[in-house]
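Residue numbers for the sequence shown follow our numbering, so the first one is 245 and each next one is one higher.
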Amino acid sequence: MFNRESLFGGRGQQPSTPPAPPSRQAQPSSRQQQQPSTPPAPPPRQQLPQAPRQPDGRFSDSYSQQEKRSSNGTMGSTGRTLQLRPAKSPDNSFTFGNICAVSAQDIPPSRDGADTHLLVNAAYVLTMRPLPSFPRGHISLNDAQRTWMGVALTDVVDVQPYDPFSQGAQSYLGAMDVEVGFAGRKTTDVPYDQDELAQAFVQTFRNQIFSPGQQLLMDYRSVPLRLTVRTVDLVDISSLRAPSGGAEQSTSPQARGILTPETAVNYYKDARSPIMLKGSTRRPAANSVVRPDFKFEDLGIGGLDTEFSDIFRRAFASRIVPPGLAQKMGIQHVRGILLYGPPGTGKTLIARQIGKMLNAREPKVINGPEVLNKYVGQSEENIRKLFADAEKEQKEKGDESGLHIIIFDELDAVCKQRGSGAGGGTGVGDSVVNQLLSKLDGVEQLNNILLIGMTNRKDMIDEALLRSGRLEVHMEISLPDEHGRQQILKIHTTVMRQNGKLAPDVDLAQLAHQTRNFSGAELSGLVRSASSFALQRYIKGGTVAALADNVAEMQLHMSDFLRALEEVHPLFGVSEEDLERCLEGGIIHFSPHIDKILQNGRDFINQVRTGSTPLLSVLLHGPRGAGKTALAAKIAAESEFPFIRLVRPVDLVGMNEIQKIQHLSKIFTDAYKSPLNVLVLDNIELLVDWVPVGPRFSSAVLAAIKGLMENKPPKGRPLLILATTSERTVLQQLQMNFNMQIAVPNVRTPEELAHVMRESGAFGGEGEVERALREIEETTGRTEVGVGISKVLLCVQTALQSSDRTGRFAEVVGEAVADSVG
């Protein structure tokens, strides 16, 4: 059936009576024996703790060599695979010892009867013990081992000998994080001491190999425990010490290492189990709130590493301190966090995924509108139900109570300012706020709750709820930066990349650079749009019902994402269409003053970009038609700031004073959401409703604009304001002050006008240019032009409609010069 010699490549005789497995009490000594290589045999494994040490406390090199020779002596196989069927463990010594049994006829025991290692399905390493009484063709796997490997009793597994030292020098565990919980119905209310539990773990599973994700069972004080390895630190034997330090933590299933008496075992509570842990001398935390193997990318959350590091420092750091130490230091836990920010930045996504990253019971998630109820008192009752479990557990267990997390999405729906009429005039809104305030920081304080509120309208929430002791940690979930956008794009394209549907030419770094001010939701929409363009190539005849036969070969290319960028635009982005309309004719450098204006604009941009001036206002003033708006748009476009918004008087048409103030306030507030911002206020005198007849203007709008322009933006959100006006004296009378002012001139000399004519390309050559200048001088009797650039370009377009372009151009420009003089 199975050929032992073909599997292991040896011709040694199988012992007639292999050593019988010891009893469970004697199990550790048998498992800790060393595996010999060639006579004379090295010391048995149970002598490892007494190995010689160097003066600094490290193991000597002879210890490492003995361990390696012993392992290589047992692993003398050719590496050929044996197929075995899973079976139940023969007794509890195998079940709770994390050992698999095989038949001694399939795999012979080692020369000294010590346990060896097997590689199962080319991915999982287990400690193996041959038994003469075990049925041939089978391998014993307990429930935890089968769950870890995803193997059923009806499956067939591939096994082969495994040499832990073939993977390199880092084959030992310096430290490991283990999640622990009760394995069955038998439980206890007595807290487990972590040091004692770690000592029992090392004694029971010494010399076994462990990797992240591995599950095993352990009988401790007659209570079965289920253990799950979360992370491991691999070290070289020469640097192994207790506790381990300086090793790189890994969560990869391929990161395997041998458990030694020097390994530091750190325990974390299984959130689904009522088990309780006491503190450790190696680390002060009895229970960690955050799972040790937690990664944002695994949860589909990207670009929020900085924000969450601040959240955990403020809200969770105090909760990993033992209760006794927290009382001595007088530490008060944070009971509430408010996450706010623009729509689509991931606040609700966090609510859906937060239970997976916290090592606590499943959070209670409730949407704000769900609290309200038409029956009297029912809305307040819904609030009380949220805190009922936490109150009950704190009364029963006191400081040993677990953490209860309540996630309140759309908090502004029910927690509006009291007295504002929220709740339809019945006062329900005020009662709900009062009930929530009393539960968070009332007479009977709860120390085992954490309320996480989410909103994009922080200004609407009652101020009493935002004070210290309630929702005291305010964290803005802002638009992701370039690195965060690349993380989000990587998350949204992971599945297609794994399945070969993402073409090699797709550059996520370039896409992250081109998607300035995109939120996470907008990046998701960008990927969906690119997918639709890719699918369009495989649609026959323009109907979705007719797909090409090779649609399974569909891939997303970089061209699909570039086309998607043309139709998916960020809510808080650049007013590209408005800027393009302002720059349709381009910028003609007819005078050295134009170059000087653009250079000054670049200097102002750098001044804001470096953060030396967080708020800078610049006024471009000059005659009407001089090109002020085009120059302001050019300066804004060259900045490449993530947020550029053009505000024109036409945007406020039909609004009353209050609506205009709200609209302008929202524009400035939107600008504060981006790391770099430009606002272009075109014809600012018209924004305040100024008219020369009267004169008349809106004092309320004027006061709002002046206040918004003088209000410094939040830290790290610098703002450049570019305003244009043709009525500089009016602004001086209105006392509108600017940090800098730039004068924009007209086309003044014939040489400047000739430059514009050449740049337009509408005239045949220098002869026509000189003719036009001569006719203009003869008509007007002046050598100075004094006409705005926009008027000159309009005259060029008018001349193109005539057969005599030069004569027509001279005629209309002469009229413009005469009007400017008049």
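All C-beta atoms, glycine included, are put in the ideal place defined by N, C-alpha and C.
Owing to the predicted nature of the structure, the values given are computational and were not obtained by experimental measurement.
Fill in: Where the alpha helix (DSSP H) through CYS1039 begins and ends
1033-1043
Worksheet entry | Same chain, Cβ closer than 7 Å to PRO613, neighbours up to 5 away in sequence not counted | GLU654, ALA657
Worksheet item: Should the region 957-965 be regarded as contacting the region 998-1014, the criterion being three or more beta carbon pairs within less than 8 Å?
Response: no
Worksheet item: With contact counted as at least three CB pairs below 8 Å, one residue from each stretch, are the region 794-805 and the region 742-756 in contact?
Response: yes
Discussion item. Within 8 Å, do at least three Cβ pairs link the region 416-425 to the region 509-516?
Written reply: yes
Worksheet item: Which term fits TYR368, buried or exposed, when burial requires 16 or more other beta carbons within 10 angstroms of its beta carbon?
Response: buried
Worksheet item: Measuring CB to CB, does LEU616 end up less than 9 Å from ILE650?
Response: no
Practice prompt. Give the straight-line distance between the Cα atoms of THR475 and ILE343, rounded to the nearest whole angstrom.
Written response: 21 Å
Worksheet item: If we call anything under 9 Å between Cβ atoms a contact, is LEU964 one with VAL922?
Response: yes
Discussion item. Taking the straight line between their C-alpha atoms, what separation do you get for ARG429 and ARG470?
Written reply: 12 Å
Worksheet item: What are the partner residues of ILE581, as DSSP defines its beta bridges?
Response: ILE696, VAL717
Practice prompt. List the endpoints of the continuous beta strand (DSSP E) containing CYS344.
Written response: 343-347
Item to complete: Evaluate the contact criterion for the region 728-737 versus the region 840-859: three or more CB pairs, one atom per stretch, below 8 Å.
Response: no
Discussion item. What does DSSP give as the partner residue(s) for VAL403 in the beta ladder?
Written reply: LEU326, VAL364
Practice prompt. Tell me whether PRO869 is buried or exposed, calling it buried when 16 or more other Cβ atoms sit within 10 Å of its Cβ.
Written response: According to the sequence displayed, residue 869 carries Gly and not Pro. When all chains shown are included, GLY869 counts as buried.
Worksheet item: Which residue's Cα is closest to the Cα of HIS727: ALA756, GLU716, LYS702?
Response: ALA756
Discussion item. Which complete beta strand (DSSP E) runs does the region 745-806 hold, if anything under 3 residues is left out?
Written reply: none
Worksheet entry | Best match in ALA345, ALA366, ASP359 for proximity to PRO379 [C-alpha to C-alpha] | ALA345
Practice prompt. Output the residue ranges of the alpha helix (DSSP H) runs that lie fully inside the region 957-1030 and measure 4 residues or longer, sorted by chain position.
Written response: 972-977, 994-1004, 1010-1024
Worksheet item: Does the beta carbon of ASP421 come closer than 9 Å to any beta carbon on chain D?
Response: Here chain D cannot be found, since the structure has a single protein chain.
Practice prompt. Give the secondary structure of SER883 by DSSP, where H, G and I count as helix, E and B as strand, and everything else as coil.
Written response: helix
Discussion item. Using CA atoms only, rank isn't needed, just tell me which of PRO353, ASN794, PRO886, ALA358 is closest to PRO376.
Written reply: PRO353
Worksheet item: What is the DSSP secondary structure of MET899, reduced to helix, strand or coil?
Response: coil
Discussion item. Would the region 836-853 count as touching the region 875-890 if we require 3 or more Cβ pairs under 8 Å?
Written reply: yes
Fill in: Residue nearest to VAL403 in terms of C-alpha spacing, selected from ASN365, VAL395, ILE888
ASN365
Worksheet item: Do the region 578-586 and the region 767-784 make contact, defined as three or more Cβ pairs closer than 8 Å?
Response: no
Item to complete: Compare the beta carbon distance of VAL479 and GLY457 with 9 Å and say whether it is the shorter of the two.
Response: no
Worksheet item: What's the gap between the Cα of SER1034 and the Cα of GLY744?
Response: 54 Å
Worksheet item: Would you call the region 674-687 and the region 703-722 touching, i.e. three or more CB-CB distances under 8 Å?
Response: yes
Fill in: Option nearest VAL1031 by Cα separation, candidates GLU1003, GLY1011, VAL1061, SER415
VAL1061
Worksheet entry | DSSP three-state assignment for PHE340, whether helix, strand or coil | coil
Worksheet item: In three-state terms, what does DSSP make of THR857?
Response: coil
Worksheet item: Quick one: any contact between the region 930-942 and the region 826-841, if contact means 3 or more CB pairs under 8 Å?
Response: no
Practice prompt. Using 10 angstroms around the beta-carbon of LEU548, count the other beta-carbons present and answer buried if the total reaches 16, otherwise exposed.
Written response: buried
Discussion item. I'd like to know whether the C-beta atoms of ALA1078 and MET573 end up nearer to each other than 9 Å.
Written reply: The structure shown does not extend to residue 1078, since the chain spans only 245 to 1066, so no value can be given for it.
Worksheet entry | Candidates ALA442, ASP822, SER712: closest to TYR464 by CA position | ALA442
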